[in-house]
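Heads up: the sequence shown begins at 1 in full-length UniProt numbering, then just goes up one per residue.
Cβ coordinates follow ideal geometry from the N, Cα and C atoms, glycine included.
Just below is one structure, and these are the notes that go with it.
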Amino acid sequence: GDVTAQVSLQPALKFNGGGHINHTIFWTNLSPNGGGEPKGELLEAIKRDFGSFANFKEKLTAVSVGVQGSGWGWLGYNKEQGRLQIAACANQDPLQGTTGLIPLLGIDVWEHAYYLQYKNVRPDYLKAIWNVINWENVSSRYATCKK
Numbered sequence: 001g002d003v004t005a006q007v008s009l010q011p012a013l014k015f016n017g018g019g020h021i022n023h024t025i026f027w028t029n030l031s032p033n034g035g036g037e038p039k040g041e042l043l044e045a046i047k048r049d050f051g052s053f054a055n056f057k058e059k060l061t062a063v064s065v066g067v068q069g070s071g072w073g074w075l076g077y078n079k080e081q082g083r084l085q086i087a088a089c090a091n092q093d094p095l096q097g098t099t100g101l102i103p104l105l106g107i108d109v110w111e112h113a114y115y116l117q118y119k120n121v122r123p124d125y126l127k128a129i130w131n132v133i134n135w136e137n138v139s140s141r142y143a144t145c146k147k
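Next up, the structure:
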């Protein structure tokens, strides 16, 4: 085919494909019965890599609040190092394709995710989102990526 046409499609594929991937993870990361803290191996890994659950939560919140414009805050797994890492991605850029990290927990910080309820106060949204995190889903993702 026409290479120029294929190359011209790359930005749209990254944006729309990334949006699909990111939102698919996001919706499974949430639950009305969520919140609290993770258990088991995931909690131990969080303590190992961030010192405590409170430190992890504070750091992911700060990174997510700090995204300029629209994007995502992430907890990802670095398979090479065997460690958890926090990252931010602009727009709909997918975590794995952008950083190489395997996505475990994604927080949508596009205004559409919170504006109706929190207006432009992103920190309030991030404070509240911890009450609906589905730690069973995040733990399952962690267990799967370690295999």
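For this session: Using a threshold of 8 Å, state whether the C-beta atoms of residue 78 and residue 105 are closer than that.
Result: Taking 8 Å as the cut-off, the Cβ atoms of residue 78 and residue 105 do not count as close.
Problem set entry | residue 120, buried or exposed, once every other Cβ within 10 Å from all chains shown has been counted against 16 | Classification of residue 120: exposed, given that the 10 Å Cβ count is below 16.
For this session: Write down the C-beta distance between residue 74 and residue 90 rounded to the nearest angstrom, noting that I regard them as a contact closer than 8 Å.
Result: With 8 Å as the limit, residue 74 and residue 90 do not qualify as a contact, their Cβ atoms being about 12 Å apart.
Exercise. What did DSSP end up calling residue 103 once you bin it into helix, strand or coil?
Worked result: For residue 103, the secondary structure class from DSSP, reduced to helix, strand or coil, is strand.
Exercise. Is residue 13 closer than 8 Å to residue 46 when the C-beta atoms are compared?
Worked result: Taking 8 Å as the Cβ cut-off, residue 46 and residue 13 do not qualify as a contacting pair.
Exercise. Residue 67: which of 103, 81, 93 and 25 sits nearest, CA to CA?
Worked result: Nearest of 103, 81, 93 and 25 to residue 67, Cα basis: 93.
For this session: Check the DSSP bridge columns for residue 71 and list the partner residues they point to.
Result: The partner list for residue 71 (beta bridge, DSSP) reads 90.
Exercise. How about residue 31 and residue 109: are their beta carbons less than 8 Å apart?
Worked result: Inclusion of residue 31 and residue 109 in the CB contact set at 8 Å is not warranted, their separation being larger than that value.
Exercise. Contact check, residue 29 vs residue 137 under 8 Å by CB: the rounded distance?
Worked result: By a beta-carbon distance limit of 8 Å, residue 29 contacts residue 137. Their separation comes to about 6 Å.
Exercise. Which whole-angstrom value is the C-beta distance of residue 53 and residue 60, which I expect to be below 8 Å?
Worked result: Their Cβ separation, rounded to whole angstroms, is 11 Å, which puts residue 53 and residue 60 out of contact at 8 Å.
Exercise. Does the distance from the C-beta atom of residue 122 to that of residue 63 stay below 8 Å?
Worked result: Judged by beta-carbon spacing, residue 63 lies beyond the 8 Å limit of residue 122, meaning their Cβ atoms are not closer than that value.
Exercise. Where DSSP assigns a beta bridge to residue 108, which residues make up the other side?
Worked result: Answer by DSSP bridge pairing, in chain order: 72.
Exercise. With burial defined as no fewer than 16 other Cβ atoms inside 10 Å of the residue's Cβ, what is the status of residue 15: buried or exposed?
Worked result: Counting other Cβ atoms within 10 Å of its Cβ, residue 15 stays below 16 and is therefore classed as exposed.
Exercise. Run through DSSP, which three-state label would residue 77 get?
Worked result: In the structure shown, residue 77 sits in a strand (DSSP, three-state: E or B).
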